[in-house]
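In the working numbering, the protein residues as written are 1 to 246.
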């Protein structure tokens, strides 16, 4: 009887947890989201088929709070708690495309947040190392990623601007929170020929008055810097800022 009770209980838990992922609405919403991405910005089109496939496959609704599931596939940044957000689909796709990801790449992500960006990357590269400064977000995202089977993603709690030197060098580094300068440790941990994509802003009266999405390529002749888009990212603040040591 005890065995039967455990079996029934386990089945109920599995059905409850698997339910949202099997909802037929979400594949349709992902298809619509990808269709919008392809035509979102004619000057900066998302056209890499591998990136579009990853955006089509990753269940974004499982990376947002339950009360925001209905908005998961809108092109909007959504709160995930602790003053942090999940980036809009266009920004996630655009930053991923800039990295020109290859299946053999080792990628470092700064600012794990919900884990969604790491999930998208995991379908495109060999290894993803992701750092989140807020323990509650790091633990939650790691549980989500593990629960969904993203076995090539590793999450740690720490100050992302210091990087993850023991796992470097990295073929690509992506930063999803905006500093006011490019952290030198990240440049040092970038492999030759690698790319770093980072939103850089200027702080003013507690807000970011300007931000530019900067792409840095590491070459034999030095660092090549290019500014791509004017964007809006949340600056590090509150508990995250108190934990940051640079």
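Beta carbons are placed, not taken as given, at the ideal position from N, Cα and C, and that holds for glycine.
Asked: Short Cβ contact (7 Å threshold) for residue 138 with residue 157; Found: yes
Asked: Which residues DSSP lists as bridging residue 84, in chain order; Found: 81
Asked: Length-filtered (4 minimum) alpha helix (DSSP H) runs lying within the segment 145–197; Found: 184–188
Asked: Alpha helix (DSSP H) segment containing residue 91, residue limits; Found: 89–98
Asked: Residues sharing a beta bridge with residue 225, DSSP; Found: 216
Asked: Distance, residue 40 Cα to residue 228 Cα; Found: 16 Å
Asked: Same chain, Cβ closer than 6 Å to residue 98, neighbours up to 5 away in sequence not counted; Found: 197 and 215
Asked: Cβ contact check for the segment 143–155 and the segment 168–182: 3 or more pairs under 8 Å; Found: no
Asked: Assumed close pair residue 120, residue 54 - CB separation to whole angstroms, cut-off 8 Å; Found: 5 Å
Asked: CB of residue 134 within 7 Å of CB of residue 82, strictly; Found: yes
Asked: Which of helix, strand or coil DSSP assigns to residue 45; Found: coil
Asked: Beta-ladder partner(s) of residue 108, from DSSP; Found: 129 and 173
Asked: Option nearest residue 182 by Cα separation, candidates 200, 37, 122 and 193; Found: 200
Asked: Spatially closest choice to residue 25 from 47, 60, 42 and 89, by CA coordinates; Found: 60
Asked: Enclosing alpha helix (DSSP H) for residue 37 [first to last residue]; Found: 25–38
Asked: Limits of the alpha helix (DSSP H) - the one that residue 119 falls within; Found: 116–122
Asked: For residue 199, three-class secondary structure by DSSP; Found: strand
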